[in-house]
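Colleague: Chains as they are written, first to last, in our numbering: chain A, 0 to 108; chain B, 56 to 199. Each residue gets a CB set at the ideal place from its N, CA and C atoms; glycine is no exception.
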């Protein structure tokens, strides 16, 4: 898994690629919670390069979202591949997370 | 002769990718395709993650054996020598209750028709997962 954090005029985008699993999710959690502690909002997560996610990866995002909700922050997912989206839908989390096809869609919402 | 394939990996999460790769290959060999392979791969990964978390309590120096058998269906047997699971306490969270954790068991049970611990195993655990043949599984074995 690779994590790249882009800062475009104060807009933070976490671009994740590769597999998010029990081995890699602690690194993701560290980066995510670092931004959450700074109360970054909105915070974008680019999923286009994600090839796999398990329950530990999902738990990381649920934890991040819950923490963001305490300060009214918004966590926006971008470009979720179909097979990853199916997992979010099965877990009924498509109703919980904000999900957009593109960065511009997410910015305009 | 009963045919099977097995791998033994350390109980270190870095080897979960190896388990996923082998699971996907075995599922394809069995005749699954596309989403079914992805679902089975996730389910076996979750079961092995549970071994690391619960049976070994994070100890990365133990062993996990994953055996694949094509018998009544696609059968995966996962063995460890850790703390005995208590099946009566294994249940996922309600999908309506949004909080971290508690999803893994749902990912396993949505794919496999049988989720059963072998009570005969005296030490450690032997989890048997069986996914019976579906109509859209290609019977590649019969072609070979």
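1) Kindly indicate which three-state DSSP category residue 6 of chain A falls into: helix, strand or coil?
2) Residue 54 of chain A touches chain B at which residues, Cβ-Cβ below 7 Å?
3) Against chain B, does residue 105 of chain A count as a neighbour if the rule is that its beta carbon must be under 7 Å from one of theirs?
4) Check whether chain A comes within 7 Å of residue 153 of chain B, counting only Cβ atoms and requiring the distance to be less than that.
5) Buried or exposed: where does residue 199 of chain B fall if 16 or more other Cβ atoms within 10 Å of its Cβ makes it buried?
6) On the three-pair Cβ rule with 8 Å, is the segment 96 to 114 of chain B touching the segment 146 to 154 of chain B?
7) In chain order, what residues of the same chain have a beta carbon less than 8 Å from the beta carbon of residue 92 of chain B, not counting five sequence neighbours either side?
8) Taking 7 Å as the threshold (C-beta atoms), are residue 38 of chain A and residue 16 of chain A in contact?
9) Quick one: grab the DSSP three-state call for residue 187 of chain B.
10) Starting from residue 25 of chain A, follow the beta strand (DSSP E) in both directions and report where the run begins and ends.
11) Answer with yes or no whether the minimum CB distance from residue 21 of chain A to chain B is below 7 Å.
12) Can you list, in chain order, the residues of the segment 82 to 99 of chain A whose Cβ is nearer than 8 Å to any Cβ on chain B?
13) Among B/160, B/179, B/186, which has the Cα closest to the Cα of residue 55 of chain A?
Modeller: Working from what's here:
1) strand
2) 101, 158, 159, 162
3) no
4) yes
5) Confidence at residue 199 of chain B is low in this model, with a pLDDT of 40, below 50, so its placement is unreliable and no value can be given for it.
6) Contact between the segment 96 to 114 of chain B and the segment 146 to 154 of chain B is absent, with fewer than three C-beta pairs closer than 8 Å.
7) 79, 82, 83
8) no
9) strand
10) Where residue 25 of chain A is concerned, there is no enclosing beta strand (DSSP E), although the alpha helix (DSSP H) it sits in stretches over 24 to 36.
11) yes
12) 82, 85, 86, 89, 90, 91, 92, 95
13) B/160
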